[in-house]
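Peer 1:
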Amino acid sequence: MSRPVDLVARLASLALTIACAACSTPCAAQDPSAVVANRAAAVPGSPLKYSRDIRPLLSNACFSCHGVDEASRKSGLRLDVAARAYAPADSGERAIVPGQVEDSELVRRILSNDSSEVMPPPDSRKTLSSEERERLRQWIAQGAPYEEHWSFVAPVKKVLPRVTDEQAGWAINEIDRFIAERLGQEGISPSPQAGRLALLRRVSLDLTGLPPTLSEVDRFLHDESADAYERLVDRLLASPAFGERMGQIWLDLARYADTNGYNNDEERTMWLWREWVIDAFNANQPMDQFIVDQIAGDLLPNATPEQKLATGFNRNHVITTEGGIFPEEYRVEYVADRVHTTSTVFLGLSLQCARCHDHKYDPFTQVDYYRLFAFFNNVQDKTVGYNSGAPAEPYLKILPQRWQLDQAALAARRQSAGEAVAERLQGVDERLADWEKSLTAD
Numbered sequence: 001m002s003r004p005v006d007l008v009a010r011l012a013s014l015a016l017t018i019a020c021a022a023c024s025t026p027c028a029a030q031d032p033s034a035v036v037a038n039r040a041a042a043v044p045g046s047p048l049k050y051s052r053d054i055r056p057l058l059s060n061a062c063f064s065c066h067g068v069d070e071a072s073r074k075s076g077l078r079l080d081v082a083a084r085a086y087a088p089a090d091s092g093e094r095a096i097v098p099g100q101v102e103d104s105e106l107v108r109r110i111l112s113n114d115s116s117e118v119m120p121p122p123d124s125r126k127t128l129s130s131e132e133r134e135r136l137r138q139w140i141a142q143g144a145p146y147e148e149h150w151s152f153v154a155p156v157k158k159v160l161p162r163v164t165d166e167q168a169g170w171a172i173n174e175i176d177r178f179i180a181e182r183l184g185q186e187g188i189s190p191s192p193q194a195g196r197l198a199l200l201r202r203v204s205l206d207l208t209g210l211p212p213t214l215s216e217v218d219r220f221l222h223d224e225s226a227d228a229y230e231r232l233v234d235r236l237l238a239s240p241a242f243g244e245r246m247g248q249i250w251l252d253l254a255r256y257a258d259t260n261g262y263n264n265d266e267e268r269t270m271w272l273w274r275e276w277v278i279d280a281f282n283a284n285q286p287m288d289q290f291i292v293d294q295i296a297g298d299l300l301p302n303a304t305p306e307q308k309l310a311t312g313f314n315r316n317h318v319i320t321t322e323g324g325i326f327p328e329e330y331r332v333e334y335v336a337d338r339v340h341t342t343s344t345v346f347l348g349l350s351l352q353c354a355r356c357h358d359h360k361y362d363p364f365t366q367v368d369y370y371r372l373f374a375f376f377n378n379v380q381d382k383t384v385g386y387n388s389g390a391p392a393e394p395y396l397k398i399l400p401q402r403w404q405l406d407q408a409a410l411a412a413r414r415q416s417a418g419e420a421v422a423e424r425l426q427g428v429d430e431r432l433a434d435w436e437k438s439l440t441a442d
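For the sequence shown, the residue numbers in our numbering are 1 to 442.
#1: Taking the alpha helix (DSSP H) that residue 341 falls in, what are its first and last residues?
#2: Let's test the definition: count the other Cβ atoms within 10 Å of the Cβ of residue 105 and tell me whether it reaches 16, buried, or not, exposed.
#3: Measure the alpha-carbon distance for residue 406 versus residue 399 and round it to whole angstroms.
#4: If we count the other Cβ atoms within 10 Å of its Cβ and call it buried at 16 or more, is residue 221 buried or exposed?
#5: Run through DSSP, which three-state label would residue 243 get?
#6: What is the DSSP secondary structure of residue 56, reduced to helix, strand or coil?
#7: Give me, in chain order, the residues of the same chain whose beta-carbon lies closer than 7 Å to that of residue 286; leave out the 5 immediate sequence neighbours on both sides.
#8: Just tell me which of 183, 155, 321, 281 has its CA closest to the CA of residue 163.
#9: Give the straight-line distance between the Cα atoms of residue 434 and residue 304, rounded to the nearest whole angstrom.
#10: Between residue 97 and residue 90, which are expected to be in contact by the criterion C-beta below 8 Å, what is the C-beta distance as a whole number of angstroms?
#11: So residue 107 is in the alpha helix (DSSP H); what residue range does that whole segment cover?
#12: Please look up how many angstroms separate the CB atoms of residue 207 and residue 237, rounded, as I've assumed it's under 8 Å.
#13: Just confirm the distance between the C-beta atoms of residue 136 and residue 188, as a whole number of angstroms; I'd bet it's less than 8 Å.
#14: Name the two residues that bound the continuous alpha helix (DSSP H) containing residue 65.
#15: Please go through the same chain and pick out, in chain order, the residues whose beta-carbon is closer than 6 Å to the beta-carbon of residue 200, but skip the five residues on each side of it.
#16: Smallest Cα separation from residue 250: which of 193, 186, 273?
#17: Give me, in chain order, the residues of the same chain whose beta-carbon lies closer than 6 Å to that of residue 26; leave out the 5 immediate sequence neighbours on both sides.
#18: Hey, out of 57, 150, 108, whose CA is closest to residue 127's CA?
#19: For residue 412 and residue 419, what's the separation of their Cα atoms in angstroms?
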């Protein structure tokens, strides 16, 4: 028992940042080219960074022939990994010699005017601008340092930037300070603070998914206290709608539905798990415990009914009631669904590729995939009969906690009523006998 729990605890630790980000307010979609442009915009005079300034260029122009895919790789040159990029290619030339531009074959090729040598080759229909070529040359001159992908780098607490007296008037929290620093570097002034009504509407939609009521508008606009906004936020966080708003995002991530999703799309009773999620957000349950309960709540020592209920996270997959299926085939598909969902939600990674082969872009092998698969392979799903309407086993019979309290109150009332009836019935047999005797005496 302890080993699976330890595994899940480690998974929860890795997943914490990703899960928090997943439950934040969704951002508007961005143009991918704009994202690349933003990442490639280094502050003038600062060292070039591989992830921000170089990787997008190589990915766009070079990785299709010199990347992770061994089948399409040419000349034995791989540019996405430092050790391979620094090593001699099949020709014996070294594409990148850190700090030595003249000895780096990559620089010679991207600057060449010979169509038989220039990279990217003309028939690839990929090009590098003059600015991009110069950026690659400067990066190699600076030592060509590679970096791990940002998502695999442990977060490090940064020193808060200093702010000017002018910025101090609006840079009131830590995030504001970093924004102020970058705005100063770009010579941009911040937008003026939004009006109170706009702030109210924004925070209400963010935290509850609902626009403010007329009474809430009046209350906030007439609240002249210095902490009016903070108290507004506290009220919204205390609202049941907060858990519903946050829960909505989590339910989508967990592929929640009230039906099975296949052929007849029959109903299933999963709303108890939905209510558990909403209650967890409203109770401000610690994120690590929120994760552990859902992945392995039933494996915890002395697991409560609610912790077992939380594992409904892994029963939200589609279920078929189609006739003529091979039960084992779909049982395996259900396990694979749990692997894919768990990795996507908690690790921010898709492991589907590793089901058939080592992942080409992420550091996961096929062995890693089936190790995680083995963890979920312990659940013995039972096939549901065709159009039977029966719930898919195994399932849990449970009352929500608030109903348990109501049930206890009803049980107390029932006992009290029973005692009252018993008191009224005391001596009834004797009285009945006396009455019967009185009838015969007449």
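Every residue, glycine too, gets a C-beta built ideally from N, C-alpha and C.
Note that this is a predicted model, so its numbers are computed, not measured.
Peer 2: Taking the structure as given:
#1: Within the sequence shown, numbered from 1, the residue matching residue 341 stands at position 341. 327-342 is the extent of the alpha helix (DSSP H) around residue 341.
#2: Here residue 105 is taken as the residue at index 105 of the sequence shown, counted from 1. Taking every protein chain shown into account, the CB of residue 105 has 16 or more other CB atoms within 10 angstroms, so this residue is buried.
#3: On the sequence shown, position 406 is the one that residue 406 refers to. On the sequence shown, position 399 is the one that residue 399 refers to. Straight across, the Cα-Cα distance linking residue 406 with residue 399 is about 10 Å.
#4: Reading the sequence shown from its first residue, position 221 is the one you call residue 221. That one is exposed.
#5: On the sequence shown, position 243 is the one that residue 243 refers to. In this structure, residue 243 counts as helix in the three-state DSSP scheme.
#6: For this step, residue 56 is matched to residue 56 along the sequence shown. DSSP places residue 56 within a helical segment (H, G or I) once states are collapsed to three.
#7: Here residue 286 refers to the residue found at position 286 of the sequence shown. Same-chain partners within the cutoff: there are none.
#8: Taking the sequence shown and counting its residues from 1, one reaches residue 163 at position 163. When only C-alpha atoms are compared, the closest one is 183.
#9: Within the sequence shown, residue 434 is the residue found at index 434, counting from 1. Within the sequence shown, residue 304 is the residue found at index 304, counting from 1. Rounded to the nearest angstrom, the two C-alpha atoms are 56 Å apart.
#10: Here residue 97 refers to the residue found at position 97 when the sequence shown is read from its first residue. Here residue 90 refers to the residue found at position 90 when the sequence shown is read from its first residue. Incorrect: roughly 17 Å between the Cβ atoms, too far for contact.
#11: Residue mapping note: residue 107 aligns to position 107 of the sequence shown, counting from 1. 105-111 is the span of the alpha helix (DSSP H), which, as asked, contains residue 107.
#12: Indexing the sequence shown from 1 puts residue 207 at position 207. Indexing the sequence shown from 1 puts residue 237 at position 237. The Cβ separation is near 6 Å, so the contact holds.
#13: Counting from one through the sequence shown, the residue named residue 136 turns up at place 136. Counting from one through the sequence shown, the residue named residue 188 turns up at place 188. In fact, because the Cβ distance is near 28 Å, the residues do not count as touching under 8 Å.
#14: The residue given as residue 65 occupies position 65 in the sequence shown. Element bounds for residue 65: 63-66.
#15: Counting from 1 along the sequence shown, the entry for residue 200 is found at position 200. Setting aside the 5 residues that flank it on each side, residue 200 is surrounded in the same chain by 212, 220, each with a C-beta closer than 6 Å to its C-beta; the list follows chain order.
#16: In the sequence shown, the residue the question calls residue 250 occupies position 250. With respect to the C-alpha of residue 250, the residue from 193, 186, 273 having the closest C-alpha is 273.
#17: In the sequence shown, counting from the first residue as 1, residue 26 sits at position 26. Low confidence applies here, because residue 26 scores a pLDDT of 39, under 50, leaving its location unreliable; read the following figure in that light. Spatial neighbours of residue 26 in its own chain (CB-CB distance under 6 Å, excluding positions within 5 residues in sequence) are not present.
#18: Indexing the sequence shown from 1 puts residue 127 at position 127. Nearest C-alpha to residue 127: 57.
#19: Within the sequence shown, the letter at position 412 stands for residue 412. Within the sequence shown, the letter at position 419 stands for residue 419. So the alpha carbons of these two residues sit roughly 11 Å apart.
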